[in-house]
Amino acid sequence: MNYKNFPMVPRVIFGRGSFNQLNEIIAPMRLNMNAPFIYLIDDVFKSDSWLTSRISLSYDDRIIYISTEEEPKTIQVDNLVEEIILSVKERPSGIIGIGGGSILDLAKAVSIMLTNEGETHSYQGWDLVKNPALYHVGIPTISGTGAEVSRTTVLTGPKKKLGINSDYTPFDQVILDPELTKNVPKDQWFFTGMDCFIHSVESLQGSYLNAFSKSYGDMAYNLCKEVFLENTLSITEAQDKLMMASWHGGMSIAYSQVGVAHAMSYGLSYVLGTKHGIGNCIVFDFLEEFYPEGVRLFKIMKEKHNIELPQGICAHLSEEDLDTMVSISWAMEPLWENALGNNWKKKISPKQLRTMYLKM
Ligand code: NAD
Ligand code: ZN
785 MNYKNFPMVP RVIFGRGSFN QLNEIIAPMR LNMNAPFIYL IDDVFKSDSW
835 LTSRISLSYD DRIIYISTEE EPKTIQVDNL VEEIILSVKE RPSGIIGIGG
885 GSILDLAKAV SIMLTNEGET HSYQGWDLVK NPALYHVGIP TISGTGAEVS
935 RTTVLTGPKK KLGINSDYTP FDQVILDPEL TKNVPKDQWF FTGMDCFIHS
985 VESLQGSYLN AFSKSYGDMA YNLCKEVFLE NTLSITEAQD KLMMASWHGG
1035 MSIAYSQVGV AHAMSYGLSY VLGTKHGIGN CIVFDFLEEF YPEGVRLFKI
1085 MKEKHNIELP QGICAHLSEE DLDTMVSISW AMEPLWENAL GNNWKKKISP
1135 KQLRTMYLKM
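Under our numbering, the first residue of the sequence shown is numbered 785, with each subsequent residue one higher.
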């Protein structure tokens, strides 16, 4: 047995209002006057001076606002890296990502590609990154993906949707300020929150589970139950707890894997552009057979929060698109192996997958 030896985020700060400490935290990391900090910020905050007015820009520091209409692409990372290189006198001191999973993943990828040659898509995979990334800071503004703590950055490339999974991917610093999540729209809160719930279920039900993953998975699972099923939490308690659930969910899959919902959601995303959180929910709703208790609770949560999921999204797909969807999902071998065990190919077939998609 060869056990994984993986890196963790070395510095983290948690607390309501901790965002105010950003400037003092990064100041010692400034290399010199010509090496700016570049902020990648979700453009939902463009008009929100409540957040951006607390960032103090010095010398050539700059903010790049980014739309999260679509999930991050390798070409988008290439373009951002080029834009940054053309605008700076020297290699930047650091990259600071402020937003949800999309922005956190972009910040990780840009910080890697500023120190590694070639095109981003050539690093999609496991341990392909050669040089350490630039100093990078992650500041989540919505809770659930675990991208703030994970060793990967999920990107859609020309041929595949796959992460840059490397020891250099995790953030050097994370700021967990639950107050930043206060304006998240209700549906999005649910979809991204359920990403965390599904991480915990898939990790806890998986064949890769060990005591390390289980301890984090149990924590994420129970925190999600509190946040989404109980009526006793105040709004601020719920924000605090969901932020920690996301962290634990991410830690849980670091040593295990996700499962069927993620494998199938990747297919939806690749062909239809369905976003990660809602895609997982659409799939998970149909997975009683694999995760009976998790899906039962999910349905109660959905009902309790009046969430309507789109129906019949695969019904009008061409044969070709359906084939692509199935093959993208089928290729997620570690996810299937975690979910169904070593002989997973005997337990599910591409034909069954197709039938399942057609129900969604
Ligand atoms: P997101 O980053 O795409 O954001 C979802 C929506 O919420 C956007 O419209 C955004 O503008 C809005 N939003 C975010 N914060 C807000 C706030 N405070 N107030 C108002 N609106 C706000 O969504 P997400 O679900 O956090 O991330 C999904 C992405 O994360 C996908 O690209 C997925 O592949 C990736 N992901 C990565 C990992 C990883 O380990 N790296 C794990 C899971 C998912
Ligand atoms: Zn996920």
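Cβ coordinates follow ideal geometry from the N, Cα and C atoms, glycine included. Since the structure is predicted, the reported quantities are computational estimates derived from the model, not experimental observations.
Return the residue from the list the options that minimises the CA-CA distance to residue i.
i            : options                   : result
residue 841  : 851, 856, 811 and 853     : 811
residue 950  : 913, 1068 and 924         : 913
residue 802  : 964, 1067, 992 and 1125   : 964
residue 1102 : 1142, 867, 920 and 895    : 1142
residue 910  : 863, 894 and 946          : 946
residue 952  : 887, 899, 1000 and 1068   : 899
residue 971  : 888, 1062 and 788         : 1062
residue 999  : 1120, 973 and 1040        : 1040
residue 1005 : 878, 1027, 789 and 1070   : 1027
residue 1134 : 1051, 1094, 1088 and 1073 : 1051
residue 1095 : 1014, 827, 1069 and 1123  : 1069
residue 835  : 816, 843 and 806          : 806
Go ahead and label residue i buried or exposed: buried means 16 or more other beta carbons lie within 10 angstroms of its beta carbon, across all protein chains shown.
i            : result
residue 1032 : buried
residue 1082 : buried
residue 1125 : exposed
residue 892  : buried
residue 760  : Outside the displayed range of the chain (785 to 1144) lies residue 760, so it cannot be described from this structure.
residue 1022 : buried
residue 908  : buried
residue 870  : exposed
residue 1016 : exposed
residue 1029 : buried
residue 942  : exposed
residue 1046 : buried
residue 831  : exposed
Rounded to whole angstroms, what is the Cα-Cα separation between residue i and residue j?
i            : j            : result
residue 1075 : residue 986  : 8 Å
residue 975  : residue 1115 : 25 Å
residue 935  : residue 954  : 5 Å
residue 861  : residue 948  : 12 Å
residue 849  : residue 837  : 14 Å
residue 1077 : residue 1044 : 15 Å
residue 821  : residue 915  : 20 Å
residue 1097 : residue 856  : 22 Å
residue 854  : residue 1035 : 26 Å
residue 966  : residue 1025 : 13 Å
residue 798  : residue 960  : 5 Å
residue 956  : residue 814  : 14 Å
residue 826  : residue 875  : 23 Å
Is DSSP giving residue i helix, strand or coil here?
i            : result
residue 989  : coil
residue 748  : The chain is shown only over 785 to 1144; residue 748 falls outside these bounds and no answer can be derived.
residue 1020 : helix
residue 788  : coil
residue 794  : coil
residue 1095 : coil
residue 905  : helix
residue 1134 : helix
residue 878  : strand
residue 924  : strand
residue 1078 : helix
residue 948  : strand
residue 826  : strand
residue 919  : coil
By Cβ distance, which residues of its chain are closer than 6 Å to residue i, with the 5 residues on each side in sequence left out?
i            : result
residue 958  : 793, 796, 922 and 932
residue 1037 : 983 and 987
residue 1012 : 1085
residue 1108 : 1055
residue 1194 : Look at the range of the chain in this structure, 785 to 1144, and you will see that residue 1194 is not part of it.
residue 1048 : 1067 and 1113
residue 858  : 904, 905, 939 and 941
Note down, in chain order, each residue of its chain lying with its Cβ closer than 7 Å to the Cβ of residue i, except the 5 sequence neighbours on either side.
i            : result
residue 1138 : 1106 and 1110
residue 888  : 881, 922, 924, 931 and 932
residue 979  : 928, 929, 1060, 1061 and 1064
Tell me which residues share the same chain as residue i and place their Cβ nearer than 8 Å to its Cβ, disregarding the 5 neighbours each side in the sequence.
i           : result
residue 845 : 820, 821, 822 and 823
residue 790 : 935, 951, 1038 and 1039
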